[in-house]
Each structure stands twice: as structure tokens, then as C-alpha cells.
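Student: Below you will find the structure I want to go over with you.
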Amino acid sequence: MIVAALPGDGIGPEITRAGIAVLREVRPDVECVEAPVGGDALARGLPALPDETRALCDRAAAILFGSVGLPAYDGKPLQERPEYALFLLRRDYELFANVRPVRVFPGLEDASTLKPELVRGLDLVVVRELTGGIYFGKPKEQRVVDGIEEAVDTMIYRAPEIERIARVAFEIARGRRRRVTSVDKQNILETSRLWRRVVTRVAAEYPDVELDHLLVDNAAMQLVRRPRDFCVIVTENMFGDILSDEAAILTGSIGTLPSASLGTRRDGKFGLFEPIGGSAPDIAGRGVANPTASILSAALLLRHALDDEENAARVERAVERVYAGGTRTAELVARGEKAVTTAAFTDAVLSQLE
Ligand code: IPM
Ligand code: MN
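Following this line, the structure appears as C-alpha cells:
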């Protein structure tokens, strides 16, 4: 079995190394094969998603992704940007369900910008629709009309796209506290009115799960007011992008959070597993980035793509123990405390695997 490891840009390579190390340790039978993606590929004169990288993904059981994006490409059209690789992978493998679990590790409550008592025990999942909405709708272009520059993006949803992501959310809720909050902007957007209607219809198939609806502006506020009340949040692509960053920082560091992007390939098992945080070029190459998100992405890969719940849980417990023991990377240390490097944090996790 092969896992395609695509380290990418910025801190991507250094944190993906950690995810690979953990995968190798718990599953020596799985071969991690690396390939260039994003700005790393562009710098080699290749497209953001080179053919060979795509061919590797085609024969892989899953993708362990790092991150893409570099300031050098700001202002370039999408097709010439590192992010285009992610756009293509999501679109072409139909990875419509982006699952972003947000947890505050015991011991890290003080790292949050919110009061510790608001985030203690926080445990929610953002389920973001990933292949529709304004990211992909056409027309999508910049043009000059009557001598005036304009630009258009199109937010469009078809009912089956909403149905399938709603089902993912309800299924996840069944394994948790059985609550789904659907987020939309139905007071203004037609797509949101369709969204709310379809989610409500799907909810009838899950009478054991409680559903409520929030407008996205209100949801953004409630997330910082009473974050622990949320169990599963389901929302369209762009709202999910924004709210998942907001939810992520509740934990004190976006560097701790993994995600799974799942679709229909290989009976829904094929997926792309990646840290939520970006490429963080400001701290790249210094060996100080927090590798937790990549290590936990490897855990999600074990669980979803390799059906290996045992090792997934083993990795997650090891990370918990490392935090409980006080080991911290730079962005999480309190004043006066000592930070460990990316490599040292990774070694700590490896040594905590029981
Ligand atoms: C994410 C990222 C991407 C997105 C970017 C890199 C295109 O922010 O996965 O959340 O907007 O989806
Ligand atoms: Mn994002």
C-alpha cells in the first residue's frame, strides 16, 4: 500500500516529515512516496500539480498533504498559484467532505485567547462542503466591461451536493453528542435558502440527531461566546473556510489541527489529509513549527483511509500525553518556558506511542 506524501511549501516539508515518521513507526508496511506540489513544484518549472504527482495520487490509498501557498505568488491568476494544486485535487478526486475536528488538549486551555473556562474540554467538528459553492461556480473571472474592471465569482449549489454533505454531518454527529448546527445566510442568499431546506429534509432521516440553524454572522459570534455548545457544524465551502479558522484558534494554536477531505473514491476511503493551518512562510525552515497537525492528520489517514482505528487512536493518545507532560513548541510556550523544536516534539510523540 502506498501513501502519497506531498509536503509542499513553507512549513509543509518540516511538519509533513513528522506525519511520515509517525506513519512509518506504526505502519511499516505502508510506503510513503513523496512528490512535489504547489510552489515547490512551480519553482522546479512544473505546474502546481505535476502529472507525476497526480499519477502517484492515482495509485495511492491516500494523500498526506503538507501545505501550499507562498507570498511570491500573490496577485498571480489562480492557475499559476500554488493553491491551484489543492483546488485540482479536491475537484478531480471529488473530495467533497472536509472534516475538521477541533479539540482543546488538556493542559492547553491557557494558550487560548479566550478565557480558559470557555474552552476547557472543547470538542467540535466542522464539516465543510469542499467541492461546490463560490470556490468552483462559473462564471469566475476578471474582465473589463465598458472600460471598467470587474470581477465575478459564482455561488451555486445543487441539492444533491447539499444532501451528501448533510449526511456526512449527521453520521458524524451520531458518533458524538448528536447535535448538528447548519450554518447559512438564508436571509440574503438563494443558495442558503436551498441549503437550509435540503438540510432540514435530510434531518428527517436522523430523528435521533438534533438540528438547529444559525446565520453565518451569528455563528461567528457564538463560536467565541459559547464554543463548547457546538457538536457538529455543517456549512458551505467559503463559510466553512472562515469558520474553521476561527474555531481552530480557540484551541490556542492552529498548528494543532488536522483535517480529512473525503469523497467517493475507494468507497469513500480515499482522502486527502492535511493540517488546517497554512504554509506559515514567516517561520518556515527554522525547525520551530508545531508538527501536531500533520501527526494528527496521519492519525485521521489511519482511521479513514486505512481502516486502522487502533493505530489512529494510539497516535492521538501519544499526542495527548506529550501535551499533558508539558512539551510545547514555540507558539504555545508561556513566557519563560522552554520551547522544543519540531523534531524534538516529533520524537516525544514517537516515544509516547504505547
Ligand atoms: C483551507 C485553505 C484553502 C482554502 C486555501 C489554501 C486555498 O485556506 O484549506 O482552508 O481556502 O480552502
Ligand atoms: Mn482556510
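In our numbering, each residue carries its 1-based index in the sequence shown increased by 1.
Even glycine gets a Cβ: it sits at the ideal position worked out from N, Cα and C.
(1) In chain order, what residues of the same chain lie with their CB nearer than 6 Å to the CB of Leu303, ignoring the 5 residues before and after it?
(2) Can you give the beta carbon distance from Ile163 to Val126, rounded, assuming they're within the 8 Å contact cut?
(3) Mapping the DSSP letters down to three states, classify Ala174 as helix, strand or coil.
(4) Alpha carbon to alpha carbon, how far is Leu215 from Gln187? Give it in angstroms, no decimals.
(5) Is there at least one non-hydrogen atom of ligand 1 closer than 6 Å to the beta-carbon of Glu84?
(6) Any idea what DSSP makes of Gly40, helix, strand or coil?
(7) Kindly indicate which residue of Gly13, Thr201, Glu338 has the alpha-carbon position closest to the one of Glu211.
(8) Tell me whether Leu87 counts as near ligand 1, meaning its Cβ is closer than 6 Å to at least one heavy atom of that ligand.
(9) Taking 6 Å as the line, does the beta carbon of Asp75 fall inside it for any heavy atom of ligand 1?
(10) Between Val334 and Ala340, how many whole angstroms is the CB-CB distance? I'm expecting something under 8 Å.
(11) Given His305, which residues of its chain have a CB within under 7 Å of its CB, disregarding the five upstream and five downstream residues?
(12) Quick one: which unbroken alpha helix (DSSP H) runs of 4-plus residues sit fully inside the region 27-113? Chain order, please.
(13) Using a beta-carbon distance below 7 Å, is Glu164 in contact with chain B?
(14) Taking only runs that begin and end inside the region 203-235, name each unbroken alpha helix (DSSP H) of 4 or more residues, in chain order.
(15) Looking at Glu53 and Ala6, is the spacing between their C-beta atoms short of 7 Å?
(16) Have a look at Arg177, Ala160, Ala205 and flag the residue whose alpha-carbon is nearest the alpha-carbon of Ser193.
(17) Ligand 1 and Asp154: does any heavy atom of the ligand fall closer than 6 Å to the residue's C-beta?
(18) I need the straight-line Cα distance from Gly337 to Thr257, nearest angstrom please.
(19) Is it buried or exposed, Gln80, if we count other Cβ atoms within 10 angstroms and call 16 or more buried?
(20) Which residue marks the beginning of the alpha helix (DSSP H) containing Ser298, and which one marks its end?
(21) Is it the case that the Cβ atoms of Gly11 and Ser183 are separated by a distance below 7 Å?
(22) Counting only the same chain and skipping the five closest in sequence on each side, list residues whose C-beta sits under 6 Å from that of Ala349.
(23) Give the C-beta separation of Trp196 and Tyr158 to the nearest angstrom, bearing in mind that I take them to be a contact with Cβ-Cβ under 8 Å.
(24) In the structure shown, what three-state DSSP assignment does Val181 receive?
(25) DSSP puts Thr330 in a beta bridge; with which residues?
(26) Indicate the three-state DSSP secondary structure (helix, strand or coil) for Ser245 in the structure shown.
(27) Taking C-beta to C-beta, are Ile296 and Val23 nearer than 7 Å?
(28) Determine the closest residue to Val38 out of Val27, Val145, Leu57, Thr114, with distance taken between C-alpha atoms.
(29) Please report the distance separating the alpha-carbon of Arg315 from that of Pro51.
(30) Please indicate yes or no: does the CB of Asp10 lie closer than 6 Å to some heavy atom of ligand 1?
(31) Using only the alpha-carbon positions, how far apart do Asn238 and Arg91 sit?
Tutor: Inspection of the coordinates gives the following:
(1) Along the sequence shown, one-based indexing puts residue 303 at 302. If we look at Leu303 and ignore the five residues flanking it on each side, its Cβ neighbours are Asp309, Asn312, Ala313.
(2) Here the question's residue 163 lines up with position 162 in the sequence shown. Here the question's residue 126 lines up with position 125 in the sequence shown. With a Cβ gap of about 18 Å, Ile163 and Val126 do not count as contacting.
(3) One-based indexing of the sequence shown puts residue 174 at position 173. Helix.
(4) The sequence position of residue 187 within the sequence shown is 186, counting from 1. The sequence position of residue 215 within the sequence shown is 214, counting from 1. Rounded to whole angstroms, Gln187 to Leu215 spans 9 Å at the Cα level.
(5) Indexing the sequence shown from 1 puts residue 84 at position 83. At a cut-off of 6 Å, the beta-carbon of Glu84 counts as near ligand 1: some heavy atom of the ligand is closer than that.
(6) By one-based count along the sequence shown, residue 40 stands at place 39. Note: Gly40 maps to helix in three-state DSSP.
(7) Taking the first residue of the sequence shown as 1, we reach residue 211 at position 210. Nearest of Gly13, Thr201, Glu338 to Glu211, Cα basis: Thr201.
(8) If you number the sequence shown from 1, residue 87 lands on position 86. Answer for Leu87: yes, Cβ within range of ligand 1.
(9) Your numbering for residue 75 matches position 74 in the sequence shown. No; taking the cut-off as 6 Å, the Cβ of Asp75 has no heavy atom of ligand 1 nearer than that.
(10) Here residue 334 is taken as the residue at index 333 of the sequence shown, counted from 1. Here residue 340 is taken as the residue at index 339 of the sequence shown, counted from 1. That belief holds up - the Cβ atoms of Val334 and Ala340 are roughly 5 Å apart, short of 8 Å.
(11) On the sequence shown, position 304 is the one that residue 305 refers to. Excluding sequence neighbours, His305 sits near Ala261, Leu263, Lys270, Gly272.
(12) 40-44, 52-60, 85-93
(13) The structure shown has no chain B; it contains just one protein chain.
(14) 217-226
(15) Working through the sequence shown from its first residue, we reach residue 6 at position 5. Working through the sequence shown from its first residue, we reach residue 53 at position 52. Cβ distance not < 7 Å, so Ala6 and Glu53 don't count as in contact.
(16) By one-based count along the sequence shown, residue 193 stands at place 192. Selected option, being the one with the closest Cα: Ala160.
(17) As a first step, residue 154 is located in the sequence shown; it is residue number 153 there, counting from the start. Checking the 6 Å criterion, the Cβ of Asp154 is out of range of every heavy atom belonging to ligand 1.
(18) As a working note, residue 337 is residue 336 in the sequence shown. As a working note, residue 257 is residue 256 in the sequence shown. One C-alpha to the other measures close to 22 Å.
(19) Along the sequence shown, one-based indexing puts residue 80 at 79. Gln80 comes out exposed.
(20) Translated into the one-based positions of the sequence shown, residue 298 becomes position 297. Residue range 293-305 is occupied by the alpha helix (DSSP H) that includes Ser298.
(21) Counted from its first residue, the sequence shown places residue 11 at position 10. Counted from its first residue, the sequence shown places residue 183 at position 182. Against a cut-off of 7 Å, the Cβ pair of Ser183 and Gly11 comes out as no contact.
(22) Along the sequence shown, one-based indexing puts residue 349 at 348. Same-chain partners within the cutoff: Val323, Thr328.
(23) Residue 196 sits at position 195 when you count from the first residue of the sequence shown. Residue 158 sits at position 157 when you count from the first residue of the sequence shown. Correct: roughly 6 Å between the Cβ atoms.
(24) Position 180 of the sequence shown, counted from the start, is the residue given in the question as residue 181. The answer is strand: DSSP assigns Val181 an E or B state.
(25) Here residue 330 is taken as the residue at index 329 of the sequence shown, counted from 1. DSSP output for Thr330 lists Val341 as bridge partner(s).
(26) Here residue 245 refers to the residue found at position 244 of the sequence shown. Ser245: helix per DSSP, three-state reduction.
(27) The residue labelled residue 296 in the question sits at position 295 within the sequence shown. The residue labelled residue 23 in the question sits at position 22 within the sequence shown. For Ile296 and Val23, yes; Cβs fall inside 7 Å.
(28) Your numbering for residue 38 matches position 37 in the sequence shown. It is Leu57.
(29) The residue given as residue 315 occupies position 314 in the sequence shown. The residue given as residue 51 occupies position 50 in the sequence shown. When rounded, the distance between both Cα atoms is 34 Å.
(30) If you number the sequence shown from 1, residue 10 lands on position 9. No; taking the cut-off as 6 Å, the Cβ of Asp10 has no heavy atom of ligand 1 nearer than that.
(31) One-based indexing of the sequence shown puts residue 238 at position 237. One-based indexing of the sequence shown puts residue 91 at position 90. Cα-Cα distance, rounded: 12 Å.
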